[in-house]
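The sequence shown: position 360 = 360 (my numbering), numbered continuously.
Heads up, the beta-carbon is just placed ideally off N, CA and C, and yes, glycines get one too.
Computed from a predicted structure; not experimentally measured.
So the structure is just underneath, and the comments pick up after that.
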Amino acid sequence: MPQDPEELRTAALELTKQLRQAEARVEALEAQLRSGPATSPTPSRTERELRVLAEQLERQAMLLERDEQVARELQRSLQPVMEGGSEAVKFAIGTRPGTRVGGDFYDIINLSDNFLAFLIADVSGYGLPAAVIMATGRLAFRTYATNELSPRIIMNDVNKALLRSTLAGHYLTSFLAVLDTELLTLQYVNASHCSPFLIRDGEVTPLDTEGLFVGMFEDPQYEQKGMQLEQHDRLFFYTDGLLRGFEGKDRHDSQRRLRQYLYDNSEMGIEVLVNHLSNLMAEPEDDVAIMGIELLLEKAQRKQIAIPSLPRELAHAESAILPVLENKGYGERAIFAVKLALEEAVINAIKHGNQLDDTKRVTISFSVDDERAVVSVEDEGEGFRLEDVPDPTDEDYLMATSGRGLALINAYMDEVRFNDRGNQITMIKYAPWRAARHF
Numbered sequence: 001m002p003q004d005p006e007e008l009r010t011a012a013l014e015l016t017k018q019l020r021q022a023e024a025r026v027e028a029l030e031a032q033l034r035s036g037p038a039t040s041p042t043p044s045r046t047e048r049e050l051r052v053l054a055e056q057l058e059r060q061a062m063l064l065e066r067d068e069q070v071a072r073e074l075q076r077s078l079q080p081v082m083e084g085g086s087e088a089v090k091f092a093i094g095t096r097p098g099t100r101v102g103g104d105f106y107d108i109i110n111l112s113d114n115f116l117a118f119l120i121a122d123v124s125g126y127g128l129p130a131a132v133i134m135a136t137g138r139l140a141f142r143t144y145a146t147n148e149l150s151p152r153i154i155m156n157d158v159n160k161a162l163l164r165s166t167l168a169g170h171y172l173t174s175f176l177a178v179l180d181t182e183l184l185t186l187q188y189v190n191a192s193h194c195s196p197f198l199i200r201d202g203e204v205t206p207l208d209t210e211g212l213f214v215g216m217f218e219d220p221q222y223e224q225k226g227m228q229l230e231q232h233d234r235l236f237f238y239t240d241g242l243l244r245g246f247e248g249k250d251r252h253d254s255q256r257r258l259r260q261y262l263y264d265n266s267e268m269g270i271e272v273l274v275n276h277l278s279n280l281m282a283e284p285e286d287d288v289a290i291m292g293i294e295l296l297l298e299k300a301q302r303k304q305i306a307i308p309s310l311p312r313e314l315a316h317a318e319s320a321i322l323p324v325l326e327n328k329g330y331g332e333r334a335i336f337a338v339k340l341a342l343e344e345a346v347i348n349a350i351k352h353g354n355q356l357d358d359t360k361r362v363t364i365s366f367s368v369d370d371e372r373a374v375v376s377v378e379d380e381g382e383g384f385r386l387e388d389v390p391d392p393t394d395e396d397y398l399m400a401t402s403g404r405g406l407a408l409i410n411a412y413m414d415e416v417r418f419n420d421r422g423n424q425i426t427m428i429k430y431a432p433w434r435a436a437r438h439f
């Protein structure tokens, strides 16, 4: 049996095709036998038809047995190897294979600049088709998360990819979260998956947003939410196989029982908690996947990122900064002001400071608290003198198509200043509930 994940996926696709063909032949023979021949069949003809049907069923059974073996091997080969966490986070994984091979999977993806993505998902159906979609889905998430920090954008991209590549009627549910391990901000989307839980100070809170299945609808309308996490917070992710172990009268009741279990055992460390729950599921009918995360460090007061001098990298800076403002409750107007000022400052640094030289970096530092947001943008250029910049309101420059960036920054931010060299701008936006004052 092939061991390479891509070879396994190819073998799985071929076996799925063979299964479909075998199923079609068996269905045709069964239909023929049910309808009966036009004339009374001779005993020998009936025996031949039954013998052919028996042979087809035997071959299908052999294919199904191999189907399960390949599906299990494919599932095992694609599960990431976890080593307990890092300096910033501790994580624990628990899995239990079901009596039927499902498509549950999880992943922890290192993005960039101290960002981690946490993913848990469940594919519809069982057997080889579910394993193939699991492999396709995991690859799609890893591919689209490479250069993106917004879980909503990643989920939309994966949805489009699966719409093009999966069998009709198959889909997956998933929950995707992106954590800034320095500022401890969490952004997340939920595509009809079981709601994870935040465990903090003995309280257990579900994390949920609106969003439809992945790989089924053109416009799944994923809603992204964010929150500020704290040191020692724990996040608990799981697939619906776990809920069956709580034997509620319906899904909602099972989730209520699970939440109560987490509340009753909220003093447990994340590893002990995941192990306890895994051990409760002795022989589940459906696969079970559990992922627990615990934050180990205090949140940083200031963050710094560096990007190459490429205009497309602006989105990376915005994805790192703007959610922090949203989580602090700065409001749409203040966030729009910071967004516009950040765009102008970064593009100026890329184009005018670093002269579009992608070997040079633009360094962005920022801090956000209950009173103000402070953003600094520094390039590696020679700098400039502010007095040499033309006034865009001057009559000679009213028709100019550029040169208004600094004027816009000054209009939207509460304070703006430059370093002596002229290659760093610091911009301050006061929180909407605070009166503007000098710092």
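Distance, residue j Cα to residue i Cα
i, j, result
"K328", "D420", "32 angstroms"
"L243", "E378", "51 angstroms"
"L342", "A289", "41 angstroms"
"A117", "D388", "45 angstroms"
"D157", "S376", "31 angstroms"
"S165", "T146", "20 angstroms"
"E382", "R361", "13 angstroms"
"N410", "V416", "6 angstroms"
"H316", "A300", "19 angstroms"
"A345", "V368", "18 angstroms"
"I154", "S192", "16 angstroms"
"P5", "P97", "Only weak support is given to the placement of P5: the predicted model assigns it a pLDDT of 47, under 50, and the question is left unresolved by the model."
"L386", "R259", "58 angstroms"
"L398", "G422", "Bear in mind that a pLDDT of 41 at L398, under 50, signals an unreliable position, so the model cannot answer this."
"T181", "L296", "9 angstroms"
"E298", "I350", "33 angstroms"
"H276", "A88", "24 angstroms"
"Q304", "G331", "23 angstroms"
Identity of the residues DSSP links to residue i by a beta bridge
i, result
"S174", "A121 and A191"
"F384", "Answer is none; F384 lacks a bridge partner."
"L258", "Answer is none; L258 lacks a bridge partner."
"T185", "Q228"
"T205", "L198"
"D180", "F115"
Beta carbon proximity, residue i to chain D, threshold 8 angstroms
i, result
"S112", "The displayed structure is made up of one protein chain only, and chain D is not part of it."
Sequence-distant residues of its chain with Cβ nearer than 7 angstroms to residue i (five each side left out)
i, result
"S40", "Legend: pLDDT at S40 = 46, less than 50; position of this residue unreliable, value from coordinates given subsequently. Nothing listed; no residue qualifies."
"R257", "F246 and G248"
"G161", "With the sequence shown as reference, residue 161 is identified as Ala, and Gly is not the correct amino acid for it. Cβ neighbours of A161 beyond the five flanking positions: A140."
"Y144", "I154, D157 and V158"
Element boundaries [beta strand (DSSP E), containing residue i]
i, result
"N110", "F105 to N110"
"R234", "R234 to Y238"
"E294", "V288 to L295"
"E415", "E415 to F418"
"M155", "No beta strand (DSSP E) holds M155; the alpha helix (DSSP H) holding it covers P151 to S165."
"G94", "V89 to R96"
"S412", "Reading the sequence as shown, one finds Tyr at residue 412 and not Ser. That residue, Y412, is in no beta strand (DSSP E); its alpha helix (DSSP H) goes G405 to Y412."
"K299", "Unbroken run through K299: none, as it is neither H nor E."
"K328", "First-last for K328: L314 to K328, but that is the alpha helix (DSSP H), not the beta strand (DSSP E)."
Proximal residues to residue i (C-beta, below 6 angstroms), its chain only, five neighbours per side dropped
i, result
"N190", "F175, D208, T209 and G211"
"F105", "A121, M134 and R138"
"L33", "Note that L33 has pLDDT 49, beneath the 50 cutoff, so the model's placement of it is unreliable and the number below is only indicative. Answer for L33: no residue qualifies."
"E203", "none"
Limits of the unbroken alpha helix (DSSP H) element including residue i
i, result
"P308", "Taken as a continuous stretch (DSSP letters only), P308 belongs to no alpha helix (DSSP H), being part of the beta strand (DSSP E) at K303 to P308."
"G422", "Here G422 belongs to no alpha helix (DSSP H), and DSSP marks it neither H nor E."
*Inside the segment 348-379 only - beta strand (DSSP E) runs reaching at least 3 residues*: 361-368 and 372-378
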